[in-house]
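FYI, in this note's numbering the residues of the sequence shown are 14 to 199. Working notes for the structure below.
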Amino acid sequence: MIRWVPNAITVSRGLAGPVVAALLLAGPYNFLGFWIFVGAIATDLVDGFVARWLDARTALGEKLDPLADKALTVPVWVALGLVGFAPAWLCAAAVGRNLAVVGAWLALGRTEVSVAPSRTGQVMVAFEGVALSVLVFHGPWNGTHWPSVGTALGVISLALSGASLALYAASHPLLAVRRPAPVTRG
């Protein structure tokens, strides 16, 4: 009966993205948006733990998890760019990367290829979550210029994304773009 709980946690993460984005667009230094984002990004750890604890891992949950990550992060990156809390180039690169990942994931969904998350990809998601948390916070605290810290973490996230892509391509040759073999006449 409670096997649906992990998927409900995952879906709540995805639904939080537009809410946080709307709060950011409604006014600067929106601490409610910050706390909602921090709570939502924390569910990325919680849903998997709960699924294993309840022995409730499902194929649906494996598909929902990366989509919920993107549904949380993409609207927040867009809103951060629109309100000027993060550099436009960083927001555009992060949104582009996330949409490319969704596109690749959808394309692979039509094949028999299964690609598990890599450790590098998981670290990248953690850096992205912390970067976004800092950028959504955007306020001064303890004498630190947090927007600069968030931007630096976002750049690290992008670099890790590139490394993750390279590792996926190297370890999954079917994912690499290949030329067709020449036709031989014999």
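Every residue, glycine too, gets a C-beta built ideally from N, C-alpha and C. Quantities reported herein were computed from a predicted structural model and do not represent experimental measurements.
Selection from P160, A144, I54, L178 that minimises the alpha carbon distance to G27:
What you label residue 27 is simply residue 14 of the sequence shown in a count that begins at 1. The residue among P160, A144, I54, L178 with its C-alpha nearest the C-alpha of G27 is I54.
Does the structure place the stretch 70–88 close enough to the stretch 172–184 that three or more beta carbon pairs sit under 8 Å?
Between the stretch 172–184 and the stretch 70–88, the count of C-beta pairs closer than 8 Å stays below three; the two stretches do not touch.
Cutoff 6 Å; reference W90; Cβ partners in own chain excluding five residues on either side:
Within the sequence shown, numbered from 1, the residue matching residue 90 stands at position 77. Excluding residues up to 5 positions away in sequence, C104, A107, V108 lie with their Cβ nearer than 6 Å to the Cβ of W90 in the same chain.
Can you find at least 3 beta carbon pairs, one from the stretch 86–102 and one from the stretch 31–40, that sit closer than 8 Å?
The answer is yes - the stretch 31–40 touches the stretch 86–102, with three or more Cβ pairs under 8 Å.
Per DSSP, cross-strand counterpart(s) of W154
Position 141 of the sequence shown, counted from the first residue, corresponds to residue 154. Bridge partners of W154 according to DSSP: T157.
Can you give me the C-alpha to C-alpha distance between N43 and V51, rounded to a whole angstrom?
If you number the sequence shown from 1, residue 43 lands on position 30. If you number the sequence shown from 1, residue 51 lands on position 38. In this structure, the straight-line span from the alpha carbon of N43 to that of V51 is close to 13 Å.
With distances taken between CB atoms, is the gap from S170 to A129 smaller than 8 Å?
One-based indexing of the sequence shown puts residue 170 at position 157. One-based indexing of the sequence shown puts residue 129 at position 116. The answer is no: Cβ separation not under 8 Å.
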